[in-house]
Amino acid sequence: MTTEYDAIVVGARCAGSPTAMLLARRGYRVLLVDRATFPSDTLSTLIIQPPGVAALARWGLLDRVTATGCPPLRTWTLDFGDVRLSGTPRPVEGIGTAYAPRRSVLDKILLDAAADAGAEVRQHFNVDGLVVRDGRVAGIRGHGADGRTVTERARVVIGADGRTSHVAKWVGAWQYHDKPRLQYGYYTFFRGLPVDGVEFVVPPGRAMGAIATNDDLTLVVFGRPVAEMKALKADPEAAFWETAEAAPAFAERVRAATRVEPFVGGGVWNYFRTPYGPGWALVGDAGYNKDPVVPKGISDAFASAELCAAALDDYFTGRRPYADAMAEYQRVRDLRGLPIYEFATAMATMEPPPPEMRHLFAVIEGNQDAMDEFVSVPAGTISPDEFFAPGNIARILNGAAVAG
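Counting in the numbering used here, the sequence shown runs from 15 upward without gaps.
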């Protein structure tokens, strides 16, 4: 007999597993499927920003993450060459610390939490299509490792299957605010490369970051404008060292370390997608994605999981009609996401900051309160709209004038 689920979640990484967990904790029948098996890795900047760490604390999962040995990341440093800004993000819910666990570690913790909450989990399961009844998505068709085709039905199918979401494609989710690929980056891991918190080096037309993770390893990422993608792909290692040499002090530290994994590259398109329709919803990168030059993807995935699960709970309990509940999910997601989306896509062009921004950076440097505020923007605890509000910038500049 076919089981009727309240929700089927397609994709079990950092958007799908929390969504399944939160719904299952509310008592709903949830099926969580993924074509991967866990633990397994995926390309990622790894950072869980303070808002995401706060979510883990709310969910009772933070201790599981910290127990894996990934170090706390308490400071952010952005080195522009002539200006170096270093600070501690403003806390959210009392948390200003970030963590960067390997995805093979984090995603397994999240998957297990969904299973512990009562969600049915099927790994190595491929979704081949959607079941549609009277114009409404009503389930999935797919197959497991044995190749046998099965059909499962649900009140809502949730696509948490990433940037190339099949669910989004099958339902024709409308894409808006979209921007092309702006930079192309490579990721690798070094041993013996100590870093202080989250470090980014941003010479003109380049970007490089270093983030400590599990097993005494440091993730090193570097990027170039997308126009240079062909040269990057031709020789990633040469491009890496050329990028590193733009920051000699950082390059010296990297030369003293040992690279332990190959270079893996990627670039992303930037977009919002309508995250719901008749019988379907999208969470995480399936519904909204921006360049990882501002690494907030995991934290944003957690946020969308909470928003979507709350909206579906309103619908399932009859507190609000489906369209009303999900429209509010989209509204809040976009309201929160658009300012950092615009900030990230501006950074991803890697164009030199305009003169007024250079002046602001020069004023901020050495002003610890102002630097703390600025690094709170990429850390996700202060909105770009709040930091760059004319009144706030005037306050910073006036304070520097008085101090001078």
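Note that beta-carbon positions come from the ideal geometry of N, C-alpha and C, so glycine has one too.
Asked	Found
Cβ neighbour criterion (16 or more within 10 Å) applied to residue 318	buried
Test item: CB-CB of residue 62 and residue 44 under 9 Å	no
Separation of residue 284 from residue 193, as counted between CA atoms	5 Å
Residue 347 vs residue 289 beta-carbon contact at 9 Å	yes
Buried or exposed by the 16-neighbour rule on C-beta atoms within 10 Å, applied to residue 31	buried
Pairwise C-alpha distance: residue 176 and residue 19	22 Å
Segment contact flag, the stretch 153-161 with the stretch 70-87, C-beta cutoff 8 Å, min 3 pairs	no
Backbone CA spacing between residue 376 and residue 270 [nearest angstrom]	31 Å
Residue 385 (DSSP reduced to helix, strand or coil)	helix
Per DSSP, the bridge partner or partners of residue 135	46
Inter-residue Cα distance where the pair is residue 381 and residue 100	10 Å
Which listed residue (402, 68, 412 and 310) has its alpha carbon closest to that of residue 358	310
Beta-carbon separation (whole angstroms), residue 33 vs residue 172, contact threshold 8 Å	6 Å
Residue burial classification, residue 143 (beta-carbon count within 10 angstroms, cutoff 16)	exposed
Closest by C-alpha distance to residue 90, when choosing among 371, 240, 390 and 412	390
Cβ pair residue 104, residue 95 closer than 9 Å	no
Host beta strand (DSSP E) of residue 189 (start-end)	189-193
Span separating the alpha-carbon of residue 261 from that of residue 215	7 Å
Range of the contiguous beta strand (DSSP E) that encloses residue 197	197-205
Short Cβ contact (9 Å threshold) for residue 208 with residue 267	yes
Option in 169, 123 and 88 with minimal Cα separation from residue 212	88
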